[in-house]
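Participant: Just passing along the structure, written as structure tokens.
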Amino acid sequence: MAFTIQEYLDLVRLLAEHPEWRSELRRLLLSEDLLTLPEIVRELAEAQRRTEERLGALIEAQRRAEERLSRVEERLIGSHCWNLG
Numbered sequence: 272m273a274f275t276i277q278e279y280l281d282l283v284r285l286l287a288e289h290p291e292w293r294s295e296l297r298r299l300l301l302s303e304d305l306l307t308l309p310e311i312v313r314e315l316a317e318a319q320r321r322t323e324e325r326l327g328a329l330i331e332a333q334r335r336a337e338e339r340l341s342r343v344e345e346r347l348i349g350s351h352c353w354n355l356g
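So this is what it looks like as structure tokens:
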């Protein structure tokens with residue numbers, strides 16, 4: 272079946288006039304894998320957002336641990352010097 276440029280332009284015009292037809296056409300033209308991609312991308316974006324939040328919390332916890340370790344080291348060095356003197 273031949274499909275002319277004019278018929279294509281008519282289809283484009285009809286789809287512009289009837290946006291509700293687009294989802295049906297999409298369902299007919301695209302595979303199930305392609306149709307599920309938007310949801311998969313949304314899920315991945317949400318997972319990435321949660322990962323970034325957790326990474327931020329981990330960075331902050333590491334910073335606090337380093338501060339505590341520095342204080343412990345200072346006390347140990349001070350205690351060691353005191354005992355030597």
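Each position in the sequence shown, counted from 1, maps to that position plus 271 in the numbering used here.
A virtual CB, placed ideally from N, CA and C, is assigned to each residue, including glycine.
None of the values given here were measured: they were computed from a predicted structure.
(1) Helix, strand or coil for E299 per DSSP?
(2) Do you know offhand how far E317's Cα is from R325's?
(3) What does the alpha-carbon distance come out to for the pair L372 and R342?
(4) Whole angstroms is fine: what's the gap from H289's alpha carbon to Q333's?
(5) Just to confirm before moving on: does the CB-CB distance between L286 and L296 stay below 8 Å?
(6) Measure the alpha-carbon distance for E331 versus Q319 and round it to whole angstroms.
Facilitator: If we stick to the structure as given:
(1) As a position in the sequence shown, residue 299 is number 28, starting the count at 1. Strictly speaking, residue 299 in this sequence is Leu, with Glu absent from that position. Helix, per DSSP.
(2) Here residue 317 refers to the residue found at position 46 of the sequence shown. Here residue 325 refers to the residue found at position 54 of the sequence shown. Those two C-alpha atoms are separated by around 12 Å.
(3) Here the chain has residues from 272 to 356 only, and residue 372 is not among them.
(4) Your numbering for residue 289 matches position 18 in the sequence shown. Your numbering for residue 333 matches position 62 in the sequence shown. Straight across, the Cα-Cα distance linking H289 with Q333 is about 56 Å.
(5) Taking the sequence shown and counting its residues from 1, the one referred to as residue 286 is at position 15. Taking the sequence shown and counting its residues from 1, the one referred to as residue 296 is at position 25. Result yes, Cβ atoms of L286 and L296 sit closer than 8 Å.
(6) Counting from one through the sequence shown, the residue named residue 331 turns up at place 60. Counting from one through the sequence shown, the residue named residue 319 turns up at place 48. When rounded, the distance between both Cα atoms is 18 Å.
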